[in-house]
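Notes to accompany the following structure.
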Amino acid sequence: MKRIVVGISGASGTVYGLRLLERLAVAKGVETHLVVTRPGEKTLHQETGRKISDLRALVHQVHQVERIGASIASGSFLFDAMAIVPCSMHTMASIACGLASNLVTRAADVALKEKRRLILVVRETPLHLGHLRNMVSLAEMGVIIAPPMPAFYMLPKTLDEIVDQHVVRLLDLLGVSDAGANRWSGI
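The sequence shown begins at 3 in my numbering and counts up by one.
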């Protein structure tokens with residue numbers, strides 16, 4: 003059983019986190035844990051009309067963001083990887099500086115200290131020097147920075163196809179196979 007922690011923070015792009023949860027829910031041998039920041043809850047509702055209660059059926063466990071004593075806050079809780087989708091600049095900066103003030107940043111801190119895979123789907127443009135320095139710092143710590151950038155060579159026709167293409171990349175990074183993935187086969 004592969005254990006994946008998914009965080010959703012307040013950046014725009016919650017559709018990526020939602021779609022990732024939908025794909026993980028049907029993947030074989032995957033246990034998913036979810037934690038959403040308060041701004042993430044608001045953005046999720048604004049962008050998708052969904053609430054956290056709507057996501058409960060997609061995951062094995064939803065953790066409250068203030069519950070710093072949750073299982074995912076401890077290195078003794080074994081999980082394979084964590085993805086924060088989307089990841090706000092605030093959350094990214096907190097992780098880069100080791101500030102574990104909520105369960106999203108604490109679980110990310112656990113991933114770092116335990117040498118587990120951590121993926122941040124950062125959402126902001128343009129980027130200023132502070133953003134870039136935080137990304138470099140995190141990359142030097144082994145974090146995968148994976149902003150959602152469309153692959154137009156796949157000739158997407160809908161927004162869903164653009165979102166799905168990035169989610170397939172995230173599943174690959176998480177080590178979760180997706181038989182329905184649309185992959186490039188060459189020209």
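By construction, the Cβ of each residue, glycine as well, lies at the ideal position given by its N, Cα and C atoms. Since this is a predicted model, take the numbers as computed values, not measurements.
Residue from the options with nearest C-alpha to residue i
i: residue 38; options: 109, 135, 101; result: 109
i: residue 106; options: 140, 66, 125, 115; result: 66
i: residue 13; options: 130, 126, 180, 140; result: 126
i: residue 97; options: 60, 83, 137, 76; result: 137
i: residue 31; options: 46, 5, 149, 11; result: 5
i: residue 140; options: 182, 187, 123; result: 123
i: residue 86; options: 129, 73, 113; result: 113
i: residue 154; options: 164, 146, 148, 145; result: 164
i: residue 102; options: 74, 119, 81; result: 74
i: residue 178; options: 72, 143, 83; result: 83
i: residue 99; options: 135, 88, 69, 131; result: 135
i: residue 189; options: 156, 43, 180, 170; result: 156
i: residue 115; options: 68, 54, 77; result: 77
i: residue 70; options: 45, 111, 55; result: 111
i: residue 29; options: 170, 51, 45, 186; result: 170
i: residue 104; options: 22, 27, 72; result: 72
i: residue 79; options: 132, 7, 55; result: 7
i: residue 15; options: 25, 24, 48; result: 48
i: residue 23; options: 40, 54, 41, 3; result: 54
i: residue 117; options: 144, 150, 132, 133; result: 144
i: residue 42; options: 142, 88, 81; result: 88
Coarse secondary structure for residue i, derived from DSSP in three states
i: residue 83; result: strand
i: residue 140; result: helix
i: residue 116; result: coil
i: residue 145; result: coil
i: residue 189; result: coil
i: residue 135; result: helix
i: residue 178; result: coil
i: residue 122; result: strand
Contact belief for residue i with residue j at Cβ below 8 Å, rounded distance in angstroms
i: residue 148; j: residue 176; result: Residue 148 to residue 176, Cβ: 11 Å. No contact.
i: residue 50; j: residue 17; result: 6 Å
i: residue 129; j: residue 146; result: No, residue 129 and residue 146 are not in contact; Cβ-Cβ is about 17 Å, not under 8 Å.
i: residue 52; j: residue 166; result: Contact flag wrong, Cβ pair sits at about 18 Å.
Does the count of Cβ pairs from the region 53-64 and the region 28-37 closer than 8 Å reach three? Enough Cβ pairs lie closer than 8 Å, so yes.
Three Cβ pairs or more, each shorter than 8 Å: is that satisfied between the region 82-100 and the region 50-62? Remark: fewer than three beta-carbon pairs, one from each stretch, lie closer than 8 Å, so the region 82-100 and the region 50-62 are not flagged as touching.
Run through the region 43-99 for me and flag every whole alpha helix (DSSP H) of 4 or more residues, listed as ranges in chain order. Listed in chain order, the complete alpha helix (DSSP H) runs (minimum 4 residues) inside the region 43-99 are 54-57, 91-98.
What are the uninterrupted segments assigned as alpha helix (DSSP H) that are 4 or more residues long and contained completely in the region 14-41, given in chain order? For the region 14-41, whole alpha helix (DSSP H) runs of length 4 or above, ordered along the chain, are 16-28.
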